[in-house]
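Notes follow the structure.
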Amino acid sequence: VKNCPTMPAPASVLMCPPEHFAASADRVPSEAERNKARGEWDGVRAAFESLGRSVRLLDAAPGLPHMTFTATHSLTGVTPRMEKVCLLGQSKRPSRRGEAERLEAWFRAAGYQVEKPRDPALAFEAGSDCAWHPGRRLLWGAHGFRTDPEAYEPAAEAFEAPVLLLKLVNERFMHLGTCFRPLTPEAVLIMPSAFDPVSLELILKIFPIVLAADEREAAAMLPCGAAVVDGTAILEAGATAAAGHLHAIGLAIRLVETREFLKAGASVAALAANLY
Numbered sequence: 013v014k015n016c017p018t019m020p021a022p023a024s025v026l027m028c029p030p031e032h033f034a035a036s037a038d039r040v041p042s043e044a045e046r047n048k049a050r051g052e053w054d055g056v057r058a059a060f061e062s063l064g065r066s067v068r069l070l071d072a073a074p075g076l077p078h079m080t081f082t083a084t085h086s087l088t089g090v091t092p093r094m095e096k097v098c099l100l101g102q103s104k105r106p107s108r109r110g111e112a113e114r115l116e117a118w119f120r121a122a123g124y125q126v127e128k129p130r131d132p133a134l135a136f137e138a139g140s141d142c143a144w145h146p147g148r149r150l151l152w153g154a155h156g157f158r159t160d161p162e163a164y165e166p167a168a169e170a171f172e173a174p175v176l177l178l179k180l181v182n183e184r185f186m187h188l189g190t191c192f193r194p195l196t197p198e199a200v201l202i203m204p205s206a207f208d209p210v211s212l213e214l215i216l217k218i219f220p221i222v223l224a225a226d227e228r229e230a231a232a233m234l235p236c237g238a239a240v241v242d243g244t245a246i247l248e249a250g251a252t253a254a255a256g257h258l259h260a261i262g263l264a265i266r267l268v269e270t271r272e273f274l275k276a277g278a279s280v281a282a283l284a285a286n287l288y
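Written out as structure tokens, the structure reads:
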């Protein structure tokens, strides 16, 4: 990792108001649930802004109930020449592919070089299954449930960065954002049972500090769905055990409510795509 070139931190984030959000496509949320989701989203936005990250907005679209999760189908970064790149996701679920189309339009207008998986048959959940190593030009990519391992070759090419692959094996943690959160260049929060032995060994080899989440809390409160901004972790208020672990290694803690979004299997990081 020390030999990997440095990577700048994001300057802002892209969020999408939950105007059409529904935790499940099979059920229309009540007015109270809609209002609660909007209040929680406002709280997440305020947390980013209070930490100096400006928030840019993507318009919500009818018929796309999960579009508020802007990071799911976009992986952003810069090349060694500081060219801004967005690699779009390609979901196995046809109902979510419209999200990538709207993200593509936004990122092109914002001056990003937009890339897509070359093979339309490959599944790639972008920011849900891939994460930058903090401060380094190094990607971590998960496969096993929602992303095909072959999808990481174009990711490595797009960002001109190596990708370390992690195999997910636990159906309670089906994408990387639920079981792996890099916190600092040296520390990571993980759910150990989510990974096969080879992947777990790789994590332990690369990170000097590996924090293990409580499995019940990890599944219910998604502490690995936290976002870290300049030494402060923004995470779900119910993840009290994880908050204690993060505080113990020197991170400041900003607790927010994301209960409505947890019903859809996502939390803070999924709501905010990084911008450079």
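Oh and the sequence shown: position 161 is 173 in the numbering used here, straight run, nothing missing. Glycine included, every Cβ here is placed at the ideal spot set by N, Cα and C.
Which residue marks the beginning of the beta strand (DSSP E) containing residue i, and which one marks its end?
i: residue 155; result: 151 to 155
i: residue 287; result: 285 to 287
i: residue 88; result: 86 to 90
i: residue 281; result: No beta strand (DSSP E) contains residue 281, which DSSP labels as neither H nor E.
i: residue 72; result: First-last for residue 72: undefined, no H or E at that position.
i: residue 266; result: 264 to 268
What are the start and end residues of the alpha helix (DSSP H) that includes residue i?
i: residue 169; result: 164 to 171
i: residue 210; result: 209 to 218
i: residue 271; result: 271 to 274
i: residue 56; result: 43 to 62
i: residue 244; result: Note, residue 244: premise wrong, no alpha helix (DSSP H); beta strand (DSSP E) at 244 to 248.
i: residue 119; result: 109 to 121
i: residue 193; result: Per DSSP, residue 193 belongs to no alpha helix (DSSP H); it is in the beta strand (DSSP E), 192 to 194.
i: residue 184; result: Looking at the DSSP string, residue 184 is not in any alpha helix (DSSP H), and its letter there is neither H nor E.
i: residue 234; result: No alpha helix (DSSP H) contains residue 234, which DSSP labels as neither H nor E.
i: residue 254; result: 252 to 260
Please report the distance separating the alpha-carbon of residue i from that of residue j.
i: residue 85; j: residue 96; result: 16 Å
i: residue 197; j: residue 213; result: 17 Å
i: residue 261; j: residue 75; result: 42 Å
i: residue 65; j: residue 269; result: 19 Å
i: residue 280; j: residue 272; result: 11 Å
i: residue 121; j: residue 45; result: 33 Å
i: residue 238; j: residue 230; result: 11 Å
i: residue 127; j: residue 98; result: 6 Å
i: residue 179; j: residue 18; result: 26 Å
i: residue 169; j: residue 255; result: 36 Å
i: residue 131; j: residue 143; result: 21 Å
i: residue 258; j: residue 266; result: 11 Å
i: residue 156; j: residue 201; result: 20 Å
i: residue 88; j: residue 288; result: 8 Å
i: residue 51; j: residue 247; result: 16 Å
i: residue 134; j: residue 115; result: 19 Å
i: residue 205; j: residue 39; result: 31 Å
i: residue 278; j: residue 189; result: 8 Å
i: residue 253; j: residue 207; result: 21 Å
i: residue 181; j: residue 209; result: 10 Å
i: residue 286; j: residue 42; result: 31 Å
i: residue 264; j: residue 146; result: 16 Å
Since residue i and residue j are thought to touch, with beta carbons under 8 Å apart, how far apart are those beta carbons, to the nearest angstrom?
i: residue 72; j: residue 28; result: 6 Å
i: residue 149; j: residue 236; result: Going by Cβ atoms, the distance from residue 149 to residue 236 rounds to 22 Å, so no, they are not a contact pair.
i: residue 141; j: residue 123; result: About 25 Å; that fails the 8 Å criterion.
i: residue 107; j: residue 37; result: 6 Å
i: residue 90; j: residue 20; result: 7 Å
i: residue 233; j: residue 274; result: 7 Å
i: residue 138; j: residue 77; result: No, residue 138 and residue 77 are not in contact; Cβ-Cβ is about 18 Å, not under 8 Å.
i: residue 163; j: residue 119; result: About 18 Å separates the two Cβ atoms, so there is no contact after all.
Drop a sphere of 10 angstroms on the beta-carbon of residue i, count the other beta-carbons inside from all chains shown, and report buried for 16 or more, exposed for fewer.
i: residue 183; result: exposed
i: residue 59; result: buried
i: residue 79; result: buried
i: residue 241; result: buried
i: residue 194; result: buried
i: residue 216; result: exposed
i: residue 101; result: buried
i: residue 111; result: buried
i: residue 47; result: exposed
i: residue 94; result: exposed
i: residue 167; result: buried
i: residue 243; result: exposed
Any beta-carbon of chain B closer than 7 Å to the one on residue i?
i: residue 252; result: The structure shown contains no chain B; it holds only a single protein chain.
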